Amino acid sequence: MKNIKLNCDILDKLDKTFYSKLNITPLHNPKIVSINRPLANQLGFTSENLNSENFLKFLNGEYLAKGSTTYSKAYSGHQFGYFVPNLGDGRAINLGKLNNYHLQLKGAGLTPYSRNGDGRAVLRSTIREYLLSEAMYALKISTTRAIAMITSDSKVLREYESEQGAIVLRASTSWIRFGSFEYAYMGKNKEQNLKQLADFVIEESYPEFQNVSNKYEELYFAVVDKTIEMIALWQSIGFMHGVMNTDNMSIEGLTIDYGPYAMMEEFDKGFICNLSDHEGRYSFENQPFIAQWNLSVLAKVLSPIADHKLLESYNDTFIGKFKKRYFAIMKEKLGLYNTDIDDTSLILRLFSALHSESIDYNSFFWNISNGDFSSIDTHQMKAWLELYEKRLEKEKVSKESRLVKMKKINPKYILRNYMLQDAIDVAQKGDFSLVNSLLTIAQNPYDEHEEFHHYTQLSKNFKTLKCSCSS
Ligand code: AMP
Ligand code: MG
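Heads up: the sequence shown begins at 19 in our numbering, then just goes up one per residue.
This is the structure:
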């Protein structure tokens with residue numbers, strides 16, 4: 019792959035306390051499960067590259083591209099509210115940067131930050147991350163990406179069972195987390211390390227602040243704004259992250275580290291998708307408040323280099339701004355474009371009806387985007403529909419153009435946990451066709467895909483699956 023040249027300038031720009039150089043431990047007998055060709059091509063991999071033996075070796079860490087130095091990053095984090103000083107890339111190994119994207123192999127072996135872990139990722143969780151990150155991207159939600167994934171004959175023990183070891187090649191414009199700043203705050207040269215890290219983030223992700231006098235305050239304000247946008251989009255599509263620890267919060271406001279996540283099916287505002295989250299810290303309705311809490315941790319650790327009071331008072335505006343943005347998106351999902359004094363209460367009544375009558379969240383929006391109200395047959399939802407129909411009369415946009423617009427914001431398909439499980443079940447037997455079909459659906463969620471229409475339905479067998487952390 020002579021045409022692929024990676025850049026590792028980051029290693030000269032950050033102090034050595036922030037990373038460790040290391041070697042990858044390849045998997046045994048690797049096999050390609052899926053390649054995300056549109057993204058791979060965008061980054062400069064040619065079809066010849068992707069079909070070559072070297073590409074499989076590249077995914078397994080046996081072949082390094084030109085310019086590549088392998089390293090993992092150190093970071094800290096608040097996990098479930100408690101500070102853990104020494105986290106870091108426990109199973110992710112960075113390869114370098116290609117066309118603005120830092121590439122990393124997740125599941126590529128032990129690192130100095132593996133703690134009690136094995137440095138591995140299993141096929142099941144790798145498929146989940148691979149597919150959902152691309153689904154989020156297609157839904158226009160800021161996220162890290164996935165270029166390709168492999169499985170192998172290597173055995174990895176999880177919850178007393180042996181599973182197949184897998185690797186996903188992830189790509190992100192930044193892998194810096196709130197926890198990276200917590201790590202800089204902890205060390206000896208606090209101020210110097212914080213400045214260096216903040217300057218690096220500004221140069222890479224927020225170049226517009228490079229020559230601004232209060233650049234660290236501006237950086238923080240921008241992170242707050244990006245986080246608000248991300249959370250408003252999460253809530254509007256019903257995405258639940260499940261592990262919103264500060265080490266899983268991106269400095270660019272990207273959705274990062276897909277673990278026990280779920281997409282909302284039967285609407286339940288208190289839904290907890292992470293089996294290990296006994297108190298519901300990361301429940302659906304808590305996500306905005308947790309994001310704000312995480313931002314207050316970031317404000318605290320930036321305090322040696324920025325005005326803490328200013329940062330905190332900016333963060334105090336989080337919930338107000340979040341609500342405004344969330345309701346604006348919900349209005350668009352409902353095809354409401356002009357303003358009416360009762361819009362907020364119309365949306366609140368909808369949430370309340372969806373919740374108490376356990377309505378399949380995304381199907382509801384898809385159905386109304388087709389002008390189809392026939393499935394609305396429960397008491398509260400029927401009462402709400404009457405109000406909605408009256409409200410629609412106040413719109414100037416024609417029904418036809420409203421429905422066209424609504425179908426561009428309300429997807430026909432979201433990746434429900436049982437669909438992912440179907441793909442996992444056959445992949446574990448060596449058949450990767452459903453993973454690849456789901457990738458196509460994930461990348462084109464607003465399209466019909468008639469042959470997969472059954473996936474618009476709730477699972478008959480079980481209510482939304484729950485998963486646990488770090489599998
Ligand atoms: P998470 O909340 O899943 O993003 O992971 C929390 C921390 O645990 C991170 O520092 C991960 O790198 C680390 N970690 C998770 N799983 C493993 C594993 N199997 N081996 C080593 N480290 C891991
Ligand atoms: Mg993580």
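Just so it is clear, CB atoms sit at the ideal spot from N, CA and C, and this is done for glycine as well.
Keep in mind that this is a model prediction, so the values were computed, not measured.
- Among the residues of its own chain, which have a CB less than 7 Å from the CB of proline 103, if the five just before and after it don't count? In the sequence shown, the residue the question calls residue 103 occupies position 85. These residues qualify, in order along the chain: Ser94 and Met204.
- Item | DSSP state of leucine 97 mapped onto helix, strand, coil | If you number the sequence shown from 1, residue 97 lands on position 79. A small correction: the amino acid at residue 97 is glutamine; leucine does not occupy that position in the sequence shown. If DSSP states are grouped into helix, strand and coil, glutamine 97 belongs with the strands.
- Among Arg195, Ala441, Glu466 and His471, nearest to tyrosine 13 - alpha-carbon criterion: The shown model of the chain, from 19 to 489, leaves out residue 13, and the question about it has no answer.
- Query: Near aspartate 378, what residues of its chain come up, given a Cβ to Cβ distance below 7 Å and the 5 sequence neighbours on each side ignored?
  - Reply: Numbered from its first residue, the sequence shown carries residue 378 at position 360. Closer than 7 Å at the Cβ level, and outside the excluded window around aspartate 378, lie Glu283, Glu284 and Leu476.
- Could you tell me whether the stretch 389 to 404 touches the stretch 354 to 363, using the rule of 3 or more Cβ pairs below 8 Å? no
- Quick one: grab the DSSP three-state call for serine 392. For the purposes of this step, residue 392 is taken as the residue at position 374 of the sequence shown. Serine 392: coil per DSSP, three-state reduction.
- Item | Enclosing alpha helix (DSSP H) for glutamate 235 [first to last residue] | Indexing the sequence shown from 1 puts residue 235 at position 217. Here the alpha helix (DSSP H) through glutamate 235 covers 233 to 255.
- Segment limits, alpha helix (DSSP H) that includes glutamine 210: Working through the sequence shown from its first residue, we reach residue 210 at position 192. Its alpha helix (DSSP H) spans residues 208 to 223.
- Query: Once you ignore the five residues that flank valine 174 on each side, which residues in its own chain have a CB closer than 6 Å to its CB?
  - Reply: For the purposes of this step, residue 174 is taken as the residue at position 156 of the sequence shown. Contacts found: Arg138, Val140, Glu181 and Gly183.
- Query: Looking at aspartate 275 and the ligand MG, is the gap between the Cβ and the nearest heavy atom below 7 Å?
  - Reply: Here residue 275 is taken as the residue at index 257 of the sequence shown, counted from 1. At least one heavy atom of the ligand MG is nearer than 7 Å to the Cβ of aspartate 275, so yes.
- Where do the ends of the alpha helix (DSSP H) carrying asparagine 72 lie? Position 54 of the sequence shown holds residue 72. First-last of the alpha helix (DSSP H) with asparagine 72: 71 to 77.
- Can you give me the Cβ contacts of tryptophan 193 inside the same chain, cut-off strictly under 6 Å, excluding the 5 residues immediately before and after it? As a working mapping, residue 193 is identified with position 175 in the sequence shown. Only His120 meet the Cβ criterion.
- Quick one: give me the first and last residue of the beta strand (DSSP E) that leucine 116 is part of. The sequence position of residue 116 within the sequence shown is 98, counting from 1. Its beta strand (DSSP E) spans residues 110 to 116.
- Message: Shorter than 7 Å, the distance from the beta carbon of asparagine 304 to the closest heavy atom of the ligand MG, or not?
- Response: Within the sequence shown, residue 304 is the residue found at index 286, counting from 1. Every heavy atom of the ligand MG is 7 Å or more from the Cβ of asparagine 304, so no.
- Message: Please give me, in chain order, every unbroken run of the alpha helix (DSSP H) with length at least 4 that falls completely inside the stretch 398 to 437.
- Response: 417 to 427
- beta strand (DSSP E) containing tyrosine 148: first to last residue? For this step, residue 148 is matched to residue 130 along the sequence shown. Here tyrosine 148 belongs to no beta strand (DSSP E); instead the alpha helix (DSSP H) covers 141 to 156.
- Task: Return yes when the C-beta of tyrosine 131 is under 7 Å from any heavy atom of the ligand AMP, and no when it is not.
- Result: The residue you call residue 131 lines up with position 113 of the sequence shown. Yes, the Cβ of tyrosine 131 comes within 7 Å of a heavy atom of the ligand AMP.
- Run the proximity test for aspartate 265: is its beta-carbon closer than 7 Å to any non-hydrogen atom belonging to the ligand MG? To locate residue 265, count along the sequence shown from 1; it is residue 247. At least one heavy atom of the ligand MG is nearer than 7 Å to the Cβ of aspartate 265, so yes.
- Message: Measuring CB atoms only, is the stretch 419 to 429 touching the stretch 345 to 359, in the sense that at least three cross pairs come out at less than 8 Å?
- Response: yes
- Message: Let me confirm a value: proline 56 is counted as buried when at least 16 other C-beta atoms fall within 10 Å, else exposed. Which label applies?
- Response: Here residue 56 corresponds to residue number 38 of the sequence shown, with the count starting at 1. By the neighbour-count rule (16 or more Cβ atoms within 10 Å), proline 56 is not buried but exposed.
- Item | Residue span of the alpha helix (DSSP H) that contains tyrosine 332, given as start and end | Counting from 1 along the sequence shown, the entry for residue 332 is found at position 314. Element bounds for tyrosine 332: 326 to 333.
- Message: For isoleucine 323, report the span of its alpha helix (DSSP H) as first-last.
- Response: By one-based count along the sequence shown, residue 323 stands at place 305. From DSSP, isoleucine 323 is part of no alpha helix (DSSP H); its letter is neither H nor E.
- Item | Sequence-distant residues of the same chain with beta carbon closer than 6 Å to alanine 126, five excluded per side | Start at 1 with the first residue of the sequence shown, and residue 126 comes out as number 108. Ile42, Gly79, Ile111 and Ile185.
- Element boundaries [beta strand (DSSP E), containing glycine 137]: The residue given as residue 137 occupies position 119 in the sequence shown. Careful: glycine 137 lies outside any beta strand (DSSP E) and carries neither H nor E.
- Cβ neighbour criterion (16 or more within 10 Å) applied to asparagine 134: Translated into positions along the sequence shown, residue 134 becomes position 116. Answer is exposed; the Cβ neighbour count stays below 16.
- Message: Does the distance between the C-beta of histidine 343 and the nearest non-hydrogen atom of the ligand AMP fall short of 7 Å?
- Response: Walking along the sequence shown from the start, residue 343 turns up at place 325. Sequence inspection shows arginine at residue 343; the histidine mentioned does not correspond to that position. Outside the cutoff, so no.
- Are the CB atoms of tyrosine 155 and alanine 92 nearer to each other than 8 Å? Against the sequence shown, residue 155 aligns to sequence position 137. Against the sequence shown, residue 92 aligns to sequence position 74. No; because the gap between Cβ atoms is not below 8 Å, this pair is not in contact.
- So does the stretch 223 to 237 actually touch the stretch 245 to 256, counting three or more Cβ pairs closer than 8 Å? no
- Counting Cβ pairs closer than 8 Å, one from the stretch 220 to 228 and one from the stretch 329 to 339, do we hit at least three? no
- For my contact list, serine 86 and leucine 24 are in at a C-beta cut-off of 8 Å; report their separation, rounded to the angstrom. Position 68 of the sequence shown, counted from the first residue, corresponds to residue 86. Position 6 of the sequence shown, counted from the first residue, corresponds to residue 24. Indeed they touch by this definition, with Cβ atoms about 5 Å apart.
- asparagine 12: which of Asn292, Gly288 and Ser374 sits nearest, CA to CA? The structure shown does not extend to residue 12, since the chain is modelled only from 19 to 489, so the question has no answer here.
- Task: Could you give the DSSP three-state label for methionine 348: helix, strand or coil?
- Result: Taking the first residue of the sequence shown as 1, we reach residue 348 at position 330. It is helical.
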